[in-house]
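Residue 2 is where the sequence shown starts when you use this note's numbering, and the numbers rise one by one after that. First up is the structure itself, then whatever we jot down about it.
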Amino acid sequence: YHLLHDTELFGVIQNTATLFALSVGLQLLICVIGTMFVTSVRPGIMAMLLIPYATGVIAPSFAFFVLLSTGVGPLSVSLAGSVSSQRIVITLIDTWQWLGILLVAAFFQTNQIPKSYFELADLEGMSIWTRWRRIVWPQVWFVLLFYSAFRLLDWLRKVDIVKAIFDRGYAGRLQTFAMYAEQVRFRFGSTDSGSAFNIQDPYGDFLLL
Numbered sequence: 002y003h004l005l006h007d008t009e010l011f012g013v014i015q016n017t018a019t020l021f022a023l024s025v026g027l028q029l030l031i032c033v034i035g036t037m038f039v040t041s042v043r044p045g046i047m048a049m050l051l052i053p054y055a056t057g058v059i060a061p062s063f064a065f066f067v068l069l070s071t072g073v074g075p076l077s078v079s080l081a082g083s084v085s086s087q088r089i090v091i092t093l094i095d096t097w098q099w100l101g102i103l104l105v106a107a108f109f110q111t112n113q114i115p116k117s118y119f120e121l122a123d124l125e126g127m128s129i130w131t132r133w134r135r136i137v138w139p140q141v142w143f144v145l146l147f148y149s150a151f152r153l154l155d156w157l158r159k160v161d162i163v164k165a166i167f168d169r170g171y172a173g174r175l176q177t178f179a180m181y182a183e184q185v186r187f188r189f190g191s192t193d194s195g196s197a198f199n200i201q202d203p204y205g206d207f208l209l210l
């Protein structure tokens with residue numbers, strides 16, 4: 002009951018869900034389009050797709066910030082003018098970092114599909130969408146599902162992207178769930194490590210997260 006009336010927590014969860022939907026939705030869309038046209042990828046190219054993830058997130062975050070900044074970058078885009086513009090930047094950074102992982106997993110599966118399947122589909126005159134749905138989808142659906150579930154858990158604990166370039170993000174309205182949990186933990190003087198700590202809600206009761 003008390004959690005349902007914690008408007009700050011509700012806003013944090015809503016923002017986390019929005020960022021998750023934007024970033025993962027864009028990544029899944031790119032993956033679907035990519036596997037429509039490319040079904041076989043060499044191991045060397047798949048290894049190159051992992052480079053963005055291997056470089057970390059802090060330095061790339063600042064690089065994207067500089068690229069899109071109206072003050073020092075070549076593009077006239079306002080990054081701090083609204084929540085929406087900051088969400089776009091966060092979505093781009095997250096996509097740049099994680100898309101390669103998704104594509105490698107998807108291409109690994111499509112590499113297992115016999116080429117004769119696609120040749121037969123071409124002979125039958127299937128559209129690209131029908132070919133993808135009948136041949137590729139059965140091979141990659143569990144990859145997309147597992148990736149979405151994993152990234153949902155990742156967004157629940159995500160702090161780095163937002164704090165790296167926006168601190169608390171547009172007067173605190175871009176806080177993620179993990180940022181809020183850390184803020185509450187220090188607000189009440191908890192120095193315990195781990196994921197379990199006490200939170201005193203606005204009604205005076207203590208909650209265990």
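Just so it is clear, CB atoms sit at the ideal spot from N, CA and C, and this is done for glycine as well.
Inter-residue CB distance, residue i and residue j (contact presumed, cutoff 8 angstroms)
| i | j | result |
| --- | --- | --- |
| residue 1 | residue 36 | This structure leaves residue 1 out entirely; the chain is present only between 2 and 210. |
| residue 100 | residue 28 | 5 angstroms |
| residue 110 | residue 140 | 4 angstroms |
| residue 177 | residue 13 | 7 angstroms |
| residue 179 | residue 144 | With 8 angstroms as the limit, residue 179 and residue 144 do not qualify as a contact, their Cβ atoms being about 26 angstroms apart. |
| residue 84 | residue 153 | In fact, because the Cβ distance is near 21 angstroms, the residues do not count as touching under 8 angstroms. |
| residue 98 | residue 54 | 6 angstroms |
When the options are compared against residue i, the one with the closest alpha-carbon
| i | options | result |
| --- | --- | --- |
| residue 91 | 159, 12, 33, 10 | 159 |
| residue 30 | 87, 104, 94, 40 | 104 |
| residue 115 | 49, 41, 53, 155 | 41 |
| residue 112 | 25, 44, 14 | 44 |
| residue 129 | 34, 94, 11 | 34 |
| residue 134 | 38, 98, 95, 93 | 38 |
| residue 156 | 95, 127, 142, 64 | 95 |
| residue 93 | 117, 64, 118, 50 | 64 |
Burial state of residue i, where buried means 16 or more other Cβ atoms lie within 10 Å
| i | result |
| --- | --- |
| residue 52 | exposed |
| residue 131 | exposed |
| residue 48 | exposed |
| residue 17 | buried |
| residue 11 | exposed |
Item to check | Contact the segment 144-153 vs the segment 20-29: 3+ CB pairs below 8 angstroms | outcome: yes
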